[in-house]
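Participant: For the sequence shown, counting from 1, position 41 maps to 41 in our numbering; every step adds exactly one. All C-beta atoms in this analysis are idealised placements derived from N, C-alpha and C, irrespective of residue type, glycine included. Quick one: this structure, given as structure tokens, is what I'll be asking you about.
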Amino acid sequence: HVDAAWGGSVLFSERYRSMLNGIERADSVTFDAHKMLGASMVCAMFLLRDGRVLENAMTHTKKGDYLFDDPVSSQSLGRISPQCGRRADALKLWLTWLDIGSDGFGKIVDSCMDVAEHLASLVEKTDEVELISHKFTNVCIRFTPKENETPEEGDTRVRKARDLLEQDATAMVIDARLDGRLVIRFAAAQPSVDKEAVARFLENLIEADQV
Numbered sequence: 001h002v003d004a005a006w007g008g009s010v011l012f013s014e015r016y017r018s019m020l021n022g023i024e025r026a027d028s029v030t031f032d033a034h035k036m037l038g039a040s041m042v043c044a045m046f047l048l049r050d051g052r053v054l055e056n057a058m059t060h061t062k063k064g065d066y067l068f069d070d071p072v073s074s075q076s077l078g079r080i081s082p083q084c085g086r087r088a089d090a091l092k093l094w095l096t097w098l099d100i101g102s103d104g105f106g107k108i109v110d111s112c113m114d115v116a117e118h119l120a121s122l123v124e125k126t127d128e129v130e131l132i133s134h135k136f137t138n139v140c141i142r143f144t145p146k147e148n149e150t151p152e153e154g155d156t157r158v159r160k161a162r163d164l165l166e167q168d169a170t171a172m173v174i175d176a177r178l179d180g181r182l183v184i185r186f187a188a189a190q191p192s193v194d195k196e197a198v199a200r201f202l203e204n205l206i207e208a209d210q211v
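So, in structure tokens, the structure goes:
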């Protein structure tokens, strides 16, 4: 199984598609189009090489005959769906796909990757912060420790800055634990967030730490 809920979007990017090399050998894949591709919530998929797996896993006892009278109907998705009845979530991806095409999805992915790369490079050039990790579109940031600062005090600075940014409606950011320490985690997921926006974000983050 491959969890491609976030990273599966690179399939649409000519520049980054190679990151998925080998995924075709997986028996199953999860993918969320509502993440980087911007489809409306919720648009999640569970894809299988062998569709019979779903039928075997989801078919309830024969007592469900009142629901499914035709055992061979390919139109009845209730037989292979955990919810039995569900919304037509796939339309959210399909309609967006019709609108912007595969090239449009690819541009979204490329934009997110470029923005994350730009933010990571800015962090590396800025004395007040440290780049803890830059993987894919995720950039993890921590404030440069002050003299004699303990790791716990560094965690407090991260939480304080995050809270201030949210309270002032400057930015909605999350903190996360990485190697046991709190970091600010930036995840590029919208093409409307450009390089200028992430530069402002970094400035605001540093200002929040200095309050």
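1. Pick helix, strand or coil for Cys140, following the three-state DSSP scheme.
2. Count the C-beta pairs between the stretch 159-166 and the stretch 203-211 that are closer than 8 angstroms, then say yes if the count reaches three, no if not.
3. Between which two residues does the alpha helix (DSSP H) holding Met41 run?
4. Can you list, in chain order, the stretches of the alpha helix (DSSP H) that have 4 or more residues and sit fully within the stretch 82-127?
5. Are Arg181 and Pro145 touching if we call contact CB-CB under 8 angstroms?
6. Closest to Trp6 by C-alpha separation, out of Ala197, Phe136 and Leu178, would be which residue?
7. May I have the straight-line CA-CA distance separating Leu91 from Gly22, to the nearest angstrom?
8. Reducing DSSP to helix, strand and coil, say where Arg15 ends up.
9. Over what stretch of residues does the beta strand (DSSP E) that includes Ile80 continue unbroken?
10. Closest to Gly8 by C-alpha separation, out of Thr30, Leu131 and Arg25, would be which residue?
11. Are the CB atoms of Arg49 and Asp32 within a distance shorter than 8 angstroms?
12. Between the Cα of Asp194 and those of Met113, Phe143 and Ser13, spot the shortest distance and give me the residue it belongs to.
13. Taking just the CA atoms, how far does Leu93 sit from Arg52?
14. Hey, Leu122 and Leu202 are a contact pair by Cβ (cut 8 angstroms); roughly how many whole angstroms apart?
15. Could you pull the DSSP bridge partners for Ile174 from this structure?
16. From what residue to what residue does the beta strand (DSSP E) around Thr30 run?
17. Quick one: what does DSSP say Glu130 is sitting in, helix, strand or coil?
18. On a Cα-Cα basis, can you pick out the residue from Pro82, Tyr16 and Arg200 that is closest to Phe105?
19. For Leu20, which residues in the same chain have their Cβ closer than 8 angstroms to its Cβ, ignoring the five residues on either side in sequence?
20. If you compare alpha carbons, which of His118, Ala57, Ala116 and Ser102 is closest to Gln83?
Facilitator: In short, the structure shows the following:
1. Sequence index remark: in the sequence shown, residue 140 carries index 140 (1-based). In this structure, Cys140 counts as strand in the three-state DSSP scheme.
2. With three or more CB-CB distances shorter than 8 angstroms, the stretch 159-166 counts as touching the stretch 203-211.
3. Reading the sequence shown from its first residue, position 41 is the one you call residue 41. DSSP places Met41 in no alpha helix (DSSP H); its state is neither H nor E.
4. Unbroken alpha helix (DSSP H) runs of no fewer than 4 residues, entirely contained in the stretch 82-127, are found at 90-124, following chain order.
5. Along the sequence shown, one-based indexing puts residue 181 at 181. Along the sequence shown, one-based indexing puts residue 145 at 145. Their beta carbons are not under 8 angstroms apart, which means Arg181 does not touch Pro145 by this criterion.
6. The residue given as residue 6 occupies position 6 in the sequence shown. Answer by Cα proximity: Phe136.
7. By one-based count along the sequence shown, residue 91 stands at place 91. By one-based count along the sequence shown, residue 22 stands at place 22. Their Cα atoms are separated by approximately 28 angstroms.
8. Counted from its first residue, the sequence shown places residue 15 at position 15. Residue state for Arg15 is assigned as coil, using DSSP reduced to three classes.
9. Reading the sequence shown from its first residue, position 80 is the one you call residue 80. DSSP places Ile80 in no beta strand (DSSP E); its state is neither H nor E.
10. Reading the sequence shown from its first residue, position 8 is the one you call residue 8. Relative to the Cα of Gly8, the nearest Cα in the group Thr30, Leu131 and Arg25 belongs to Thr30.
11. Along the sequence shown, one-based indexing puts residue 32 at 32. Along the sequence shown, one-based indexing puts residue 49 at 49. Against a cut-off of 8 angstroms, the Cβ pair of Arg49 and Asp32 comes out as no contact.
12. Numbered from its first residue, the sequence shown carries residue 194 at position 194. Comparing Cα-Cα distances from Asp194 to each of Met113, Phe143 and Ser13, the minimum goes to Met113.
13. Counting from 1 along the sequence shown, the entry for residue 52 is found at position 52. Counting from 1 along the sequence shown, the entry for residue 93 is found at position 93. Distance between the alpha carbons of Arg52 and Leu93: 24 angstroms.
14. In the sequence shown, the residue the question calls residue 122 occupies position 122. In the sequence shown, the residue the question calls residue 202 occupies position 202. With a Cβ gap of about 6 angstroms, Leu122 and Leu202 count as contacting.
15. Looking up residue 174 in the sequence shown gives position 174. Ile174 pairs with Arg185.
16. Counted from its first residue, the sequence shown places residue 30 at position 30. That run of the beta strand (DSSP E) goes Ser28 to Asp32.
17. For this step, residue 130 is matched to residue 130 along the sequence shown. Annotated three-state conformation of Glu130 is strand, per DSSP.
18. Translated into positions along the sequence shown, residue 105 becomes position 105. Comparing Cα positions, the closest option is Tyr16.
19. Indexing the sequence shown from 1 puts residue 20 at position 20. Cβ within range, chain order: Ala4, Gly7, Gly8, Val10 and Leu11.
20. In the sequence shown, counting from the first residue as 1, residue 83 sits at position 83. Comparing Cα-Cα distances from Gln83 to each of His118, Ala57, Ala116 and Ser102, the minimum goes to Ala57.
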